[in-house]
Each structure stands twice: as structure tokens, then as C-alpha cells.
Amino acid sequence: MGELLKNARLSLGLSQKEMAAEVMSVTQYSRIENDQQRIRFDDLVKILHAHQIDIVSFINQFLLRRKLTDCNHDYYLQKIESMYWERDLSSIDELLDKLKQFGQHGLLNLLVVRNYANAC
2 MGELLKNARL SLGLSQKEMA AEVMSVTQYS RIENDQQRIR FDDLVKILHA HQIDIVSFIN
62 QFLLRRKLTD CNHDYYLQKI ESMYWERDLS SIDELLDKLK QFGQHGLLNL LVVRNYANAC
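The numbering of the sequence shown is this note's numbering, which starts it at 2 and goes up by one.
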């Protein structure tokens, strides 16, 4: 949740103080952004509303990101390997876009990029 809030704040060009929107202290908001503290749902709604961020889209993005993060990485590794051997470049592009959209960095992203480069 913290990373999504931070990304939303940065995309709006706001400071942490501005994003906290008098809903909570800057210290508390900072701890939430750094995933050191959970945010209460009603505070989240207030912050999103204060900055005209669509609540449903934000929550859906959180749920999709969590689902992707919680997925079995072996499944994605097998999928990447299959796409590579089949030279399925469009599927590799789609998976890379999906990983970027949900902020997934690390092994899976690296493998997709590497396999994409090798397939070209």
C-alpha cells in the first residue's frame, strides 16, 4: 500500500506533507509510505478523496499488485521459458508490461527483458 501511495503522490508532484492532507501527521504518513505502519481504511479514503484519486481504481491496483506478488514465481518462470522457446514476442511484451504496471522488479522482470532480447 505504501508504494502505491508514494507512486500516486509523486505522480501528483506532492510532498508527503501535502499528501497527508491534514488527515494524519507527516511522520505517520512517511511510516505508511515506507511500509512501517498500516493505514486505516478511513484515512486512506480521506487522503485519496482529498487528491481526487479514484478510490476503486486505487484499491483494484492494490489487489492486482498483491495478487501478482503473491503468485507462485515458478509459474511465471515456466511461462517465460515457454514464451522464449516459442518466440512468442507479443506475449513477452504483455508480461513485461504487466510486470512494469504492478511495479514488479527483480528476477522476473530481468528474465523477461533478457529473454525478450534473446528472442529478437
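For each residue, glycine too, the CB sits at the ideal point set by N, CA and C.
Check: Express the C-alpha separation of leucine 64 and leucine 15 in angstroms, rounding to a whole number.; Outcome: 24 Å
Check: Helix or strand or just coil, what does DSSP make of glycine 14?; Outcome: coil
Check: Is it true that the CB of valine 27 sits closer than 7 Å to the CB of lysine 18?; Outcome: yes
Check: Keeping to the same chain, check which residues put their C-beta closer than 7 Å to that of isoleucine 54; ignore five residues upstream and five downstream.; Outcome: Ala9
Check: Comparing the CB of methionine 20 with every heavy atom of the ligand GDP, is any distance shorter than 6 Å?; Outcome: Ligands displayed in this structure: none; no statement on the ligand GDP is therefore possible.
Check: Determine the direct distance from the alpha carbon of glutamate 95 to that of serine 31, and round the result to whole angstroms.; Outcome: 33 Å
Check: Considering only C-alpha positions, which residue in the set His52, Asp43, Lys80, Ile56 is nearest to leucine 11?; Outcome: His52
Check: When the Cα atoms are used, what is the spatial distance from glutamine 29 to glutamine 37?; Outcome: 9 Å
Check: Could you tell me the alpha carbon to alpha carbon distance between leucine 45 and arginine 88, rounded to whole angstroms?; Outcome: 43 Å
Check: Quick check on the DSSP output: the alpha helix (DSSP H) that includes glutamine 29 runs from which residue to which?; Outcome: 27-34
Check: Just to confirm before moving on: does the CB-CB distance between alanine 22 and isoleucine 40 stay below 7 Å?; Outcome: no
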